[in-house]
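Numbering (UniProt numbering), first residue to last: 1 to 513.
All C-beta atoms, glycine included, are put in the ideal place defined by N, C-alpha and C.
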């Protein structure tokens, strides 16, 4: 697992040391996905159309208005810094556990397993969030044509399709995501460029959107911090490039290149399209325009849709509505693949039951797929029985947990990169020390912004709190505190499980420094 540059499977502890068995039942299929396929999975995870219709309008109103494009660019640059060390580590090892393996290699097995538990929380919760959004959007769309069914019916239809596709080989999912994502990005670019080309009511004001003075106006404790928090939340999933390393054509090259490409694509796409939105509405009055076009943020998707109708034409509205649904479905499929491969890695490493390391004839991690789908089904049933809202509760609660979990693990990866290369006396100073250290500091700042604004992201502030007051930032009800601490609870549980369980020989061999 630590070095798989050849296509021949090696025995693992999960296979009981049998080469034949490892080839047939506990190895992912190699050479099935290239750079483009991995980038499709990762950019699909970011669900750019959903971000533009949901997160960007809210970030503009609650955050720093016209400077939101610069906030997305700033976060993208931070994650590019992270990628420098991440890519350096990916060239030394290939493992479908990704963060799990990297943290374990640099900080020891127990820390690696702890990070894996937090990463599982991240991927399971973001998939649950998207199931809620998918069910709500699909329900509203179908109700408009006379087929009115509860949100969870549509969510479970999506669940069945996602589970079925995940049991096929990963390249099948990549091909489907490639088609959907190409259309999605094309539509976003058409609307963004058309809005920019029009000049809008005030013309393009680059300084208002990208100058440091504008981007950081209001400070980290104020509007700038809110915009940056929403921007961090929009990059969920980029780290999944390493998850597909074992199934890629040339992991030592594919993973680093795919990571850089994915971050660049997401950063540029969000920055350019959101800048087009600002231009189309006018930088000076962008907040008022957003509120008017979204009915006071009750329908944030109305901002992008109205801009599309205004600057491109009404003919684009129907395709965009369909692509919102396919964007959600693409995200479901991408995170299903990510979560199932983490369960696979934990099963193969002996941390979880070995049956999770099973793969089917197509090379898909069938054990991980089944567990991921079972968890999603269980939580959706609970939310349906409790009659909780699929967006206001399931989507916002779960997605807010996800981004805290992911940023926490990214900080651990940055620290692990520094320690790993320092202990071996290898690597350049920039790749293995300076860039990871800077990314750890900036990510820690991002984590603070996310946690201190959790009540805005998840909607879990006590009813009597005035959100306009600075001291209200950390105000959370009991559920809010549980959700914000859940990733750290997972870290602690993972560390304890690893510490008390007998060490799997393969796990120690592959992940210990």
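- Task: State the Cα-Cα distance for the pair residue 166 and residue 184, rounded to the nearest angstrom.
- Result: 21 Å
- Item | Cβ shell of residue 112 (< 6 Å), same chain only, five flanking positions each side left out | 100, 103, 104, 511
- Message: Once the 5 residues before and after residue 16 are set aside, which same chain residues still bring their CB inside 8 Å of it?
- Response: Because residue 16 sits at a pLDDT of 33, beneath the cut-off of 50, its placement in the model cannot be relied upon, and the following sentence gives the value as read from the coordinates. Nothing meets the Cβ criterion.
- Message: For residue 428 and residue 287, what's the separation of their Cα atoms in angstroms?
- Response: 45 Å
- Query: Taking Cβ positions, are residue 129 and residue 398 nearer each other than 8 Å?
  - Reply: yes
- Only counting runs of 4 or more residues, tell me where the alpha helix (DSSP H) segments fall wholly within the segment 64-134, in order along the chain. 68-90, 99-107
- Query: Do you know offhand how far residue 420's Cα is from residue 285's?
  - Reply: 50 Å
- Query: Distance, Cα to Cα, residue 344 vs residue 423?
  - Reply: 29 Å
- 8 Å Cβ shell around residue 483 - same chain, five flanking residues per side excluded: 397, 400, 401, 454, 458, 460
- Task: Express the C-alpha separation of residue 234 and residue 190 in angstroms, rounding to a whole number.
- Result: 20 Å
- Query: Under three-state DSSP, which class holds residue 341?
  - Reply: helix
- Item | Contact under 8 Å by Cβ, residue 68 with residue 74 | no
- Message: Measuring only the C-alpha atoms, how far is residue 224 from residue 485?
- Response: 24 Å
- What three-state label does DSSP hand residue 389 in the structure shown? coil
- Message: Taking the alpha carbon of residue 331 as the reference point, which residue from 127, 54, 440 has its own alpha carbon closest?
- Response: 127
- Task: Pair every Cβ in the segment 369-376 with every Cβ in the segment 82-90, then say whether three or more of these pairs are closer than 8 Å.
- Result: no
- Would you check if the segment 193-201 and the segment 311-323 touch, i.e. whether three or more CB-CB distances between them fall below 8 Å? yes
- Task: Can you give me the start and stop residues for the alpha helix (DSSP H) that residue 154 sits inside?
- Result: 151-166
- Item | Simplified DSSP state of residue 212, which is helix, strand or coil | helix
- For residue 299, does the count of other Cβ atoms within 10 angstroms reach 16, so buried, or fall short, so exposed? exposed
- Three-state secondary structure assigned by DSSP to residue 477: coil
- Message: Taking 7 Å as the limit between beta carbons, can you name the residues of its chain near residue 305, skipping five residues before and five after?
- Response: 317, 320
- Contact belief for residue 39 with residue 258 at Cβ below 8 Å, rounded distance in angstroms: 5 Å
- Since residue 514 and residue 361 are thought to touch, with beta carbons under 8 Å apart, how far apart are those beta carbons, to the nearest angstrom? Outside the modelled stretch of the chain, which goes from 1 to 513, sits residue 514, for which no answer is possible.
- Query: Between 337, 426, 264, 315, which lies nearest to residue 78 when the distance is taken from Cα to Cα?
  - Reply: 264
- Task: Could you tell me how far apart the beta carbons of residue 134 and residue 158 are, in whole angstroms, since I believe they sit closer than 8 Å?
- Result: 5 Å
- Could you give the residue range of the alpha helix (DSSP H) that holds residue 454? 454-458
- Query: Quick one: what's got a C-beta closer than 7 Å to residue 207's C-beta in the same chain, skipping five residues either side?
  - Reply: 214
- Item | Alpha carbon of residue 366 to alpha carbon of residue 355, nearest angstrom | 9 Å
- Exposed or buried, what is residue 182 when buried is set at 16 or more other beta-carbons lying within 10 Å of its beta-carbon? exposed
- Query: Are there 16 or more other CB atoms within 10 angstroms of the CB of residue 341, so buried, or fewer, so exposed?
  - Reply: buried
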